[in-house]
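Notes follow once the structure below has been shown.
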Amino acid sequence: MPFADVGDVRLFYTDEGAGDLPLLLVHGYAADSHDWSWQLPSFVASRRVISVDLRGHGRSSAPPKGYTTRQFAEDLAGLLDQLGVGRVVALGHSMGGSVVSGLAVEYPDRVAGIVAVDPAYLFPDEIAGGIQPMLDLIADADPVPFVQQLVGGGMDSAARQPALRTWQLRRIAGMDAHVLRQSLEAQTSGMALRSQSEPYLLRRRCPVLTFYADPARAAPERALFDDPRSRVVTWEGAGHWLHQERPAEFNAIVAAWLTSVV
């Protein structure tokens with residue numbers, strides 16, 4: 012279970028399997044690479060798979076700053092440099108969907124394709140009024156209870172085991188307050204709203220496979236595609252962790268789509 016020193020952060024990662032075009036797995040906000048436990052055995056059987064804890068998350072170190080989409084992407088590019096990896100197919104869940112998109116925009120030669128799972132971008136601009144009050148609420152208070160409520164409330168479906176919610180809430184309780192605050196502020200002010208993220212996402216030049224639970228979010232994503240290999244999969248009624256709720260189906264769809272990515 013190795014670590015890599017990349018700039019001001021020490022990243023925890025795993026590097027398993029073999030193949031010419033590795034997969035890079037990136038978790039979401041207030042999570043870690045354990046979230047891909049439903050995918051790792053399946054993907055490692057036929058591919059090289061690199062799974063990483065973002066700065067401030069999981070077993071990686073928590074520098075005092077740097078919790079933006081661009082900085083997360085820069086960290087990942089530095090990790091790939093250390094591993095001698097040129098190009099990857101990058102998979103990201105939630106905030107990780109923004110991060111792998113950032114990697115594709117800022118380092119286009121490094122990303123051959125993206126898989127985004129219920130990504131934290133392209134939300135309707137109508138929610139903008141609630142963002143600053145939310146950030147003000149945690150500015151001077153312990154953010155853990157709020158983030159636990161945010162992540163746990165309304166994001167699950169009946170298909171997700173209750174033990175997984177407990178697991179998620181306990182991970183949040185162990186995170187540094189500055190990581191929770193800064194990561195949330197950077198995402199909500201930088202990539203969350205459609206008006207913010209759409210111009211940036213239009214700069215992606217690789218094929219994209221996106222999974223959504225809400226059909227209403229599929230159309231804005233589809234409108235951004237300029238590669239015929241890109242597609243959206245919608246699982247109406249699913250929760251936020253689609254890859255955990257229906258892992259066999261998710262893994263099969265991703266594996267089939269990967270055959271189109273050179």
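In this text, residue positions in the sequence shown follow our numbering: the first is 12, and each later residue adds one.
We put the CB at the ideal spot given by N, CA and C, even for glycine.
All values derive from a computational prediction rather than experimental measurement.
- Take the alpha-carbon of Glu247 and the one of Ala224: they are about 5 Å apart.
- Non-local beta-carbon contacts of Val155 in its own chain, meaning distances under 8 Å to residues more than five positions away in sequence, involve Ile183, Ala184, Met186, Ala188 and Leu191 in chain order.
- For Val244, the secondary structure class from DSSP, reduced to helix, strand or coil, is strand.
- Ser62 carries a strand assignment under DSSP once its states are collapsed to helix, strand and coil.
- His45 and Val116 have their C-alpha atoms spaced approximately 26 Å apart.
- A buried status is given to Gly124, since no fewer than 16 other beta-carbon atoms sit within 10 Å of its beta-carbon.
- By the Cβ test, the stretch 134-147 is not in contact with the stretch 103-121, since fewer than three Cβ pairs between them sit closer than 8 Å.
- Per DSSP, Ala152 is not a residue of any alpha helix (DSSP H), being assigned neither H nor E.
- The three-state reading of DSSP puts Thr270 in coil, since its state is none of H, G, I, E or B.
- According to the DSSP assignment, Leu91 belongs to the alpha helix (DSSP H) that extends over Thr80 to Leu94.
- In the DSSP assignment, His104 falls within the beta strand (DSSP E) that extends over Val99 to His104.
- Within 10 angstroms of the beta-carbon of Pro226 lie fewer than 16 other beta-carbons, which makes it exposed.
- Between Met106 and Gly163, the C-beta spacing is not below 9 Å.
- Collapsing the DSSP output to three states places Leu22 in a strand.
- One alpha carbon belongs to Ser112, the other to Glu209, and they sit about 11 Å apart.
- The Cβ-Cβ distance between Pro218 and Gln50 does not fall below 9 Å.
- Shown here, Asp167 sits in coil according to DSSP, grouped into three states, outside any helix or strand.
- Taking a C-beta distance under 9 Å as the contact criterion, Ala127 and Phe23 do not qualify as a contact pair.
- Considering only Ala249, Leu94, Phe157 and Asp151, the residue with the shortest C-alpha distance to Met166 is Ala249.
- By a beta-carbon distance limit of 8 Å, Phe83 contacts Val110. Their separation comes to about 4 Å.
- One Cα belongs to Thr25, the other to Val55, and the distance between them is close to 11 Å.
- The beta carbon of Ala131 lies closer than 8 Å to those of Gly39, Tyr40, Ser105, Met106, Gly108, Ser109, Gln198, Met202 and Ala203 in the same chain, with the five residues before and after it left out.
- Under the DSSP definition of a beta bridge, Ile125 partners with Ala101 and Val219.
- A distance of 9 Å or more separates the beta carbons of Arg240 and Ser200.
- Judged by DSSP secondary structure, Leu180 falls within the alpha helix (DSSP H) whose first and last residues are Pro173 to Ala184.
- Assignment of beta-bridge partners to Ala15 by DSSP yields Leu22.
- As DSSP reads the structure, Leu36 sits in a beta bridge with Ser62 and Leu102.
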